[in-house]
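Worksheet for the structure shown next.
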Amino acid sequence: MDFAWIVNDPVLAGSLAAVVVLVLFVFMRMKRSQARAFEHARQQNRKLDKELQKANKQLLEVRSVVVGLGQRVSEQQDIIQHLNERITELEQEDSDGRLYSRASKMVQLGADINELIEECELPKAEAELMMSLQKKIAGKEKVPPMESNPERQRALARQRRAR
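In structure tokens:
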């Protein structure tokens, strides 16, 4: 092919040169734009890496806190289990207290010693003591007054020893 006609026509040669310069200019701008986009993407990537590292550190901290809380929960469960066992023991021990409460109620309602012995399974001495205490509480039996004078108490103690 012969390209001499292009060189001989100055308008066509100028236009062609302008088109080539324009294409080079567009190419250079696109290359610069791509370089800026690449740099922006690289900075964004660094920023995201830093955020990822920060999130990983926070995750490790949360994991350690969760492990600590798990241990505390386990300790609290052990304590609760121990307390439940202790409550069960105390409830079983308190069954005697319930018997005495029942015996006291029976005495207040007029039960005699034999009923206390049979119903509450109390020994005779405890049944008699329960009857005596309830009578004193009810005011049917006099309670000896307590001496608050120490000299009087010593004198009474000496009299008892002398007998």
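The opening residue of the sequence shown carries number 1 in UniProt numbering; numbering runs sequentially from there. Don't be surprised by glycine CBs; every beta carbon is placed ideally from N, CA and C. Since the structure is predicted, the reported quantities are computational estimates derived from the model, not experimental observations.
Let me know the secondary structure DSSP gives residue i once reduced to three states.
i, result
"A111", "coil"
"P123", "coil"
"G70", "helix"
"G139", "coil"
"D49", "helix"
"D9", "coil"
Could you tell me which of the options sits nearest to residue i, measuring between CA atoms?
i, options, result
"G110", "L83, N8, K135 and R160", "K135"
"Y100", "E89, A41, L59 and L133", "L133"
"G139", "Q108, Q159 and N114", "Q108"
If I'm right that residue i touches residue j with Cβ under 8 Å, what's the distance once you round it to whole angstroms?
i, j, result
"A125", "L116", "A125 to L116, Cβ: 11 Å. No contact."
"M106", "E118", "Not really, about 11 Å apart at Cβ, beyond 8 Å."
"M130", "S104", "7 Å"
Which residues in the same chain as residue i place their Cβ atom closer than 6 Å to its Cβ, once the five residues preceding and following it in sequence are excluded?
i, result
"R161", "none"
Does any residue of chain C have a CB that is nearer than 9 Å to the CB of residue i?
i, result
"L129", "As a matter of chain content, chain C is missing from the structure shown, which is built from one protein chain."
Apart from the five residues on each side of it in sequence, which residues of its chain come closer than 8 Å, Cβ to Cβ, to residue i?
i, result
"Q92", "none"
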